[in-house]
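Engineer: I am attaching a structure below and will ask some questions about it afterwards.
Set out below in structure tokens:
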């Protein structure tokens, strides 16, 4: 299909010059709406105005410009099939973008201004051109400008139908996302967090395989998200795998809830060590001490830039992935000494996201468990009150517990985990694993705590904690046997806090 006549209607006109140059060189006729025509003329290109076709410049203070049968006939005409005798201009290419609706919403504009950014004519032009892709090239994304300019130059202005179909696909994706943003604005469902974006995914990137080599896999970007793990820069090492992304997400969930320098080491979606400190190197060193054996081959996330000292500690053992907001040059040089380590850098997405879980034939939707401790009522229900060190250890363990798969038990000091029992069918088993991982507790007497993501239904776990040397426990409460738990803690002189908040994570 030879390009002879082009229709242009743009809100954001930046970058269109690369196509205008090609149109000028090849004597292609340019038609444009008033604002776009002014821009094109200002930059030294010849242009005809759409009002030469429609007979009107605009109506209703510019709200109606392109909604005209003669204009749309020129876009929808099927060359060689339809009678085009009375159509003034037959268009071969349509270049259109849309009013910035979503950007206006994000700018907290008033409703009247937001509604004015609901595009009508632009969407109609794009859909018409995309529908007639066999005869019309539709362009609505700047990312195609250079590619199309090259194609026109290389092919004497001939665009193949196969490529037009790709452009049409992208055009329908563009308008679909635009409509989804409008729908979401009107729905404004703040309670459940549900929205049309449930199904709005950017084009997926193929991964080598899924959780196992026999499973195919892709990764998609959620439409509308300003930051995503997918956007992280891979500074060194192989491409990320399915499991890598999943584990890294678990690591970021942890370090993002701490304001102080913190580090988390993940294996199989569960933390094996979490630490905080005055410096990021101290935080990582404490995290690694939590379970050095399990940390081997782990996924590391830091909530501060990685410096030389931290990199040296990380390189002292085998770590598969390290993620940080930034890196010193010395740190990068040290980490890159390990051939197989992946080094990721990026802006960490916020913790206020909606969580989606796929089930057969459906999707579960919920808000992320990101409740701040300041909004949780910590109720001391035992006779003995915790010491300051025990209270700090309780709060630290409680933060970590919300990011451990249920049933979850976390034993910790005020700045690092000692032992974690995760993903057990029995809470007693989780307690035993956490105690075993913690080792000898006598060295930490008076400054450790045990956190449980759910209530204790029986006092057997309390007895095990006492025998291990743990004298501070934090849990949600809410069991019909809560008094049995309280009495057991009083018998063993254990400080007990109920939070009235559960932190199950499946």
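Residue numbers (our numbering): 13 to 518. C-beta: ideal position from N, C-alpha, C; glycine also.
So is residue 266 buried or exposed if we call it buried at 16+ other beta carbons inside 10 Å?
Structural biologist: For the purposes of this step, residue 266 is identified with residue 254 of the chain shown, where counting begins at 1. Classification for residue 266: buried.
Engineer: Measuring CB atoms only, is the region 443 to 461 touching the region 318 to 337, in the sense that at least three cross pairs come out at less than 8 Å?
Structural biologist: The region 443 to 461 is not in contact with the region 318 to 337.
Engineer: Is residue 113 helix, strand or coil by DSSP?
Structural biologist: Residue mapping note: residue 113 aligns to position 101 of the chain shown, counting from 1. Note: residue 113 maps to helix in three-state DSSP.
Engineer: Going by beta carbon distance, what residues of the same chain come within less than 7 Å of residue 418, once the five residues before and after it are set aside?
Structural biologist: Residue mapping note: residue 418 aligns to position 406 of the chain shown, counting from 1. Within the same chain, residue 418 has close Cβ partners 465, 466, 516, 517, 518.
Engineer: Give the single residue among 403, 329, 147, 159 whose Cα lies nearest to the Cα of residue 172.
Structural biologist: Taking the first residue of the chain shown as 1, we reach residue 172 at position 160. Nearest option by C-alpha distance: 147.
Engineer: For a quick check, are the C-beta atoms of residue 263 and residue 295 less than 7 Å apart?
Structural biologist: Within the chain shown, residue 263 is the residue found at index 251, counting from 1. Within the chain shown, residue 295 is the residue found at index 283, counting from 1. Result no, Cβ atoms of residue 263 and residue 295 do not sit closer than 7 Å.
Engineer: Count the other C-beta atoms from every protein chain shown that fall within 10 angstroms of the C-beta of residue 120, then say buried if there are 16 or more, exposed otherwise.
Structural biologist: In the chain shown, residue 120 corresponds to position 108, counting from 1. Counting Cβ neighbours within 10 Å, residue 120 comes out exposed, since fewer than 16 surround it.
Engineer: Can you tell me the Cα-Cα spacing of residue 261 and residue 325, whole angstroms?
Structural biologist: Here residue 261 corresponds to residue number 249 of the chain shown, with the count starting at 1. Here residue 325 corresponds to residue number 313 of the chain shown, with the count starting at 1. Cα to Cα, the separation comes out at about 22 Å.
Engineer: Just curious, the alpha helix (DSSP H) that residue 283 is in, first and last residue?
Structural biologist: Start at 1 with the first residue of the chain shown, and residue 283 comes out as number 271. Not the alpha helix (DSSP H): residue 283 falls in the beta strand (DSSP E), residues 282 to 288.
Engineer: Report yes if the CB atom of residue 103 is closer than 7 Å to the CB atom of residue 86, and no otherwise.
Structural biologist: Here residue 103 refers to the residue found at position 91 when the chain shown is read from its first residue. Here residue 86 refers to the residue found at position 74 when the chain shown is read from its first residue. Cβ atoms of residue 103 and residue 86: closer than 7 Å.
Engineer: Quick check on the DSSP output: the alpha helix (DSSP H) that includes residue 300 runs from which residue to which?
Structural biologist: Against the chain shown, residue 300 aligns to sequence position 288. Start and end: 292 to 301.
Engineer: Using only the alpha-carbon positions, how far apart do residue 511 and residue 365 sit?
Structural biologist: Along the chain shown, read from residue 1 onward, the residue named residue 511 stands at position 499. Along the chain shown, read from residue 1 onward, the residue named residue 365 stands at position 353. Each residue's alpha carbon lies about 23 Å from the other.
Engineer: With a threshold of 16 other CB atoms inside 10 Å of the CB of residue 248, please say whether the residue is buried or exposed.
Structural biologist: For the purposes of this step, residue 248 is taken as residue 236 along the chain shown, with counting starting at 1. When all chains shown are included, residue 248 counts as buried.
Engineer: Are the beta-carbon atoms belonging to residue 323 and residue 347 less than 7 Å from one another?
Structural biologist: Numbered from 1 along the chain shown, position 311 holds the residue referred to as residue 323. Numbered from 1 along the chain shown, position 335 holds the residue referred to as residue 347. Closer than 7 Å, so yes.
Engineer: Taking buried to mean at least 16 other C-beta atoms within 10 Å of its own C-beta, is residue 507 buried or exposed?
Structural biologist: Taking the chain shown and counting its residues from 1, the one referred to as residue 507 is at position 495. Looking at its Cβ environment, which holds 16 or more other Cβ atoms inside 10 Å, residue 507 is buried.
Engineer: Would you kindly check if the distance between the Cβ of residue 345 and the Cβ of residue 363 is under 7 Å?
Structural biologist: Here residue 363 refers to the residue found at position 351 when the chain shown is read from its first residue. Here residue 345 refers to the residue found at position 333 when the chain shown is read from its first residue. Taking 7 Å as the Cβ cut-off, residue 363 and residue 345 do not qualify as a contacting pair.
Engineer: For the alpha helix (DSSP H) containing residue 47, name the first residue and the last one.
Structural biologist: Residue mapping note: residue 47 aligns to position 35 of the chain shown, counting from 1. Start and end: 46 to 54.
Engineer: The beta strand (DSSP E) that contains residue 19, what's its start and end?
Structural biologist: Indexing the chain shown from 1 puts residue 19 at position 7. From DSSP, the beta strand (DSSP E) with residue 19 extends over 17 to 21.
Engineer: Does the separation of the CB atoms of residue 151 and residue 107 fall below 7 Å?
Structural biologist: On the chain shown, position 139 is the one that residue 151 refers to. On the chain shown, position 95 is the one that residue 107 refers to. Against a cut-off of 7 Å, the Cβ pair of residue 107 and residue 151 comes out as a contact.
Engineer: Using the C-alpha atoms, what's the distance from residue 181 back to residue 174?
Structural biologist: For the purposes of this step, residue 174 is identified with residue 162 of the chain shown, where counting begins at 1. For the purposes of this step, residue 181 is identified with residue 169 of the chain shown, where counting begins at 1. Computed Cα separation, rounded: 11 Å.
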